[in-house]
Structures are given as C-alpha cells and as structure tokens.
Ligand code: ASP
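Residue numbers (the working numbering): 130 to 560.
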C-alpha cells in the first residue's frame, strides 16, 4: 500500500471516528459501548500529549533561552512576539465584530427558540458563570502576580500553570547565560539531551494519533446533544466559522508577505497540528506537535519555537477572541439589545484580554466570555443560548489558535534571521 502522509492518516481516523459515532447512535447501548471501549483510548492519547507538555516547555525553553547567549536578543524577540500576538488578536476580534454586525445572526432567533435554549442549558451555563465569578473577583494585577510561582514543583504539577512554568524556564535560562561557560555547559548539555528524548517521545505518540483522534471523535459524536437546537444556531455558527476561515487566509497572507513562503507550504507543514487541535480542542495538548511541525516542517529554528510557541499556546488565541466577540454580540442581539459603537470598542479590549486569560483547554474560552458579557452589560444567562453548539466551535477556534501561533513564530523567526529550510528528520513522518 502506498504510504500515506501523517495528516491524511489523521484525517482518515477522524472521518472513520465520526462515521462510527453516527452509526452507534442508532443502536441501543451503542453510546455505552463507545464510552466504555473506545473513548478511553482517546483519553489515553490526550493524556500522553499533556504528559509531555510541561517537560517539553522546561527542556526546550531552557535550552532555547540559554542558546541565545545574550539577554538583549531575548528581549528583542520577546517584544516582537508579544506585539504581533496582540496585533493578530485585535484583528481577529475586529473581524468577528464586523461579521456579526453585518449578518446579525441574533435577530433571526425566535422568542420561542430563545426560551427553549435558555431553559435547556441553564444549569450548564450556571457552572461556567460560577467559574468566571472567581476570575472576576481578582484585582487588576492578579495576572501579573500569578505569573511568578512560589514553588516550581507546584507549578509544574498542574498543566493549567503553563505560564508559571514558562516564567521559571526563562528565568533559569537567563541564569545559565549569565554564569561562566564551563559551569553552564554540563547543565545545557543535560537539557539538550533531555529535549531530544522528549522530541522522540512526541514521535512515538504521534504514531498513535490516527487511532487517538478516531476514538475522540467517535465519543464526541455519541455524546453530542440533539441536532435540532444546532439548526437554530446555524447563522451564529456561520459567522464564527466565516471569521475563522478569514483568519486562516490572513495567516497565509501574512506568512507569504513576511517570509515569502507560500500558503501551501505553510498549511501542509502545520496540518497535523491543526487536525489534532481540532480533535482535542486544546492548544496545550497540541503544543508538542505544533512545536515539532513548526521546527521540522516549517524550518523555524528551535531558539524561536521554544520561546514563541509555548507562550503563544497560552496567550495567543485569535480564534477564541473572534468567537467571544461574535458570541457577545449575538447574545445581545438575541435579547434585543442594541450595542453602541463604544460598547463594541470595549468588546475589542475585553475579548483581547479575555482570550489572553483563557486557559488552553476545551471550553475555556466560554468561561472567559462571561467576563466579556459582564463588561458589555449583556445578560450572562445568554451563555445558555450558545451552549449546544459550543464544542464544535471550540474545535474550530482551537485550530485557528494553533495556526496563529505557528504563523507568528515564522514571522518572528524571519525577523531575527532564524527561518531556514525544513529539516524533516523523524521516522514518524516518513512511515
Ligand atoms: N479550547 C481553546 C484552546 O485550547 C480555548 C477556548 O477557546 O476554549 O485553544
């Protein structure tokens, strides 16, 4: 049989998973069979990816920063990275706002459907609102305070503390730059080797990717709510997806303008990470694969990927911010509220910040949406309106989040002279 490229195998796994899920919903007990016998393999796959995330960030970031040799390079790259991340996020929110104002999906929701949706998803929405309450109580500098862990082992023991681990790794890397070379060399060599091991583990995990996504999608299909409610939300979903597609096109264009690499090259290189982002709905779980693809298939130097991508996975969520803008205005429209221009400008700011604050896990963007709603004076109970369709949209926005990180890493790499040719070296890709 002709050898298929990895992204085709993953795609095949996804399609077969969806088909199996649909078939099993027609059998009595089919859902239980999937949940008991198929879903665990999906969970094992996601867990193994998450397992790699913290050691990967530690090893690659310490190695990456210490390779920089001097700190001014770090601040130059850091400044550019954060600047471009914020810029793309603002573009994404603005696109979302323009589309939702033009299409006005909320106006087409009938009173009856609105009441039905709100009552079906009241309790689920309630738990998201409660989660957001905690965030809201925090002071303005809380995010900054949270950046510095008081104990690295505590920080590293929770995948939700990725930014703290990043902080420690950068700090440690700076320390390595500042000590004499004969002392730093053994430590660097250790992290070099450690990093290689982790990369090899990612290769091994990726061999299971087609089966993992098969299990994940089969489980998702049997667990998804009835499709009737989906239809009422069709225009809303259309706005989000249209915005996300536009964002993808913008990434292709930005990469072409700044690096002269074609969109085909870019999307071919990043495809397996996109498919994984779609299947797992988690930028954090996808991070190991994003790093591998960007480095080996897009030719970005490890110095750049190790810095730009872990930070991007946690703070750069263009898809999420776009979705938050569309969802906020959609809910307002459905409740018959007219949002003034200044309130919409406020949404640009809050959605940008909320997407930075969203954790890179499934459903996180919806929790932070509560804050955007509160800020704009839109009823938070409106969250129940969009619940039914949130998971599929989460899959799509996570794909954009990951693609955005990859595009920015190419642009940053080009700007610091660290964009080379792809160096595919692993056996997983050649199987
Ligand atoms: N699932 C998204 C991510 O991991 C975050 C979100 O929008 O819910 O990137």
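Idealized CB from N, CA, C, for every residue including glycine.
Residue 523: member of the alpha helix (DSSP H) spanning 519-544, first to last residue. For residue 364, the enclosing alpha helix (DSSP H) stretches over residues 363-388. Under the 10 Å beta carbon count, residue 174 is surrounded by 16 or more other beta carbons and is classified as buried.
Note on geometry: alpha-carbon atoms of residue 210 and residue 189 lie some 17 Å from one another. In terms of side-chain proximity, the C-beta atom of residue 480 is found no nearer than 7 Å to any non-hydrogen atom of the ligand ASP. For residue 398, the uninterrupted alpha helix (DSSP H) segment begins and ends at 392-409.
One thing to note: residue 501 has its Cβ within 8 Å of the Cβ of residue 457. Rounded to whole angstroms, the gap between the alpha carbons of residue 185 and residue 451 is 29 Å. In terms of Cα proximity to residue 401, the closest of 391, 392, 410, 415 is 415. Taking every protein chain shown into account, the CB of residue 445 has 16 or more other CB atoms within 10 angstroms, so this residue is buried. Between residue 176 and the set 251, 151, 252, 335, the nearest pair of CA atoms involves 335. Here residue 153 has 159, 163, 351 as same chain residues with Cβ atoms under 6 Å from its own Cβ, once five neighbours each way along the sequence are excluded. Between residue 290 and the set 540, 377, 489, the nearest pair of CA atoms involves 489. The ligand ASP approaches residue 490 closely enough that one of its heavy atoms is under 7 Å from the residue's Cβ. Annotation for residue 138: 338, 339 place their beta carbon closer than 8 Å to its own, counting only its chain and skipping 5 residues before and after. At least one heavy atom of the ligand ASP lies less than 7 Å from the C-beta of residue 494.
The C-alpha of residue 374 is placed about 33 Å away from the C-alpha of residue 263. Comparing C-alpha distances from residue 382 to each of 273, 539, 460, 295 shows the shortest one belongs to 539. For residue 257 and residue 519, the gap between their C-alpha atoms comes out near 12 Å. Residue 510 is a Cβ neighbour of residue 247, given a cutoff of 8 Å.
For the region 491-522, the continuous alpha helix (DSSP H) assignments of 4+ residues that do not extend past its boundaries occur at 493-505, 512-515, in sequence order. In the three-state scheme derived from DSSP, where H, G and I count as helix and E and B as strand, residue 468 is classed as coil. Across the set 304, 219, 528, the C-alpha of 528 shows the shortest separation from the C-alpha of residue 407.
Contact check between the region 462-482 and the region 421-436: fewer than three CB pairs, one atom from each, fall below 8 Å, which does not count as touching. When the alpha-carbon of residue 192 is set against those of 393, 322, 514, 133, the nearest one is in 322. The C-beta distance from residue 215 to residue 537 rounds to 10 Å, too long to meet the 8 Å contact threshold.
If you draw a straight line from the Cα of residue 486 to the Cα of residue 494, it comes to about 9 Å. Counting of Cβ neighbours within 10 angstroms places residue 546 among the exposed residues, the total staying below 16. Per DSSP, residue 237 is not a residue of any alpha helix (DSSP H), being assigned neither H nor E.
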